[in-house]
Amino acid sequence: FSVVLGSAIARYASHTFFAPITRLCRAMKEVAGGDFHIEMQTDSKIDELRELYDNFNRMVQELGSTETMKNDFIANVSHEIRTPLTVMNSYASALARGGLSEAEQREYAATIAAASESLSTMVSNILRLNKLENQQIVPHAEPYDLTRQLCDCALAHEARWEAKNIEFDAQMEERVM
């Protein structure tokens, strides 16, 4: 009787606990290998196992979204970097071939310098983005005079609205912080 009861309990435990966890472990290996299209379903009556499967599915979905964004970012950056490199290469080749007037040489050199500056700016921005991503930014609130900002903005464009005969009248609080 003990052997039969023990076998029944072992079979129940295996079906109820170990089989779902084993399936989940296999799925985790697939995700670790880069497959983010996995969705796990369970018919378990155990709340914790269902929650584990739900959390796994959410994790895979987030990882997939992150992977897609990373791939899109790399594709866009590659394209944006290739453009100034192509410009620099073609103008440098033309300079190397010779036969250009001094004015053309200056123009080509200026174009190469501008493309180089553009590329340098992109690389700096990527490095800044990486730096921002790896640090925690803690905002420090401080008072800000909104009325003063709006007045400065209106005065900065005063010449434009006067040139177009636009009458500008703003009713504002004395000071809004």
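Using this note's numbering, the first residue of the sequence shown is number 3, and each one after it goes up by one.
C-beta atoms are modelled at their ideal positions from N, C-alpha and C, and glycine is treated no differently.
Burial state of residue i, where buried means 16 or more other Cβ atoms lie within 10 Å
{"i": "ILE114", "result": "buried"}
{"i": "TYR146", "result": "exposed"}
{"i": "PRO22", "result": "buried"}
{"i": "ALA156", "result": "exposed"}
{"i": "ALA117", "result": "buried"}
Cβ-based neighbour list, residue i, same chain, cut-off 7 Å, excluding 5 preceding and 5 following
{"i": "GLU69", "result": "PHE38"}
{"i": "TYR93", "result": "TYR110, THR113, ILE114"}
{"i": "PHE170", "result": "ALA156, TRP163"}
Residues of its chain near residue i, where Cβ-Cβ distance is below 8 Å and the 5 sequence neighbours each way are ignored
{"i": "LEU26", "result": "MET42, LEU54, TYR55, PHE58"}
{"i": "ARG52", "result": "THR44, SER46"}
{"i": "GLY66", "result": "PHE38, HIS39"}
{"i": "ILE128", "result": "VAL79"}
{"i": "LEU102", "result": "ALA96, TYR110"}
Beta-carbon contacts of residue i that lie in its chain and below 6 Å, excluding the five residues immediately before and after
{"i": "VAL62", "result": "VAL33, PHE38, ILE40"}
{"i": "GLU135", "result": "none"}
{"i": "LEU97", "result": "TYR110"}
Cβ of residue i within 8 Å of any chain D Cβ
{"i": "MET61", "result": "Absent from the structure: chain D. Only one protein chain is present."}
For this session: Pick out the complete beta strand (DSSP E) segments inside the region 8-76, 3 residues or longer, and give them in chain order.
Result: none
Exercise. Just checking, does the region 46-62 make contact with the region 76-91 on the three C-beta pairs under 8 Å criterion?
Worked result: no
Problem set entry | the region 141-161 contacting the region 172-179, beta-carbon criterion three pairs below 8 Å | yes
Exercise. Of all the beta strand (DSSP E) runs that stay within the bounds of the region 64-134, which reach a length of 3 or more residues?
Worked result: none
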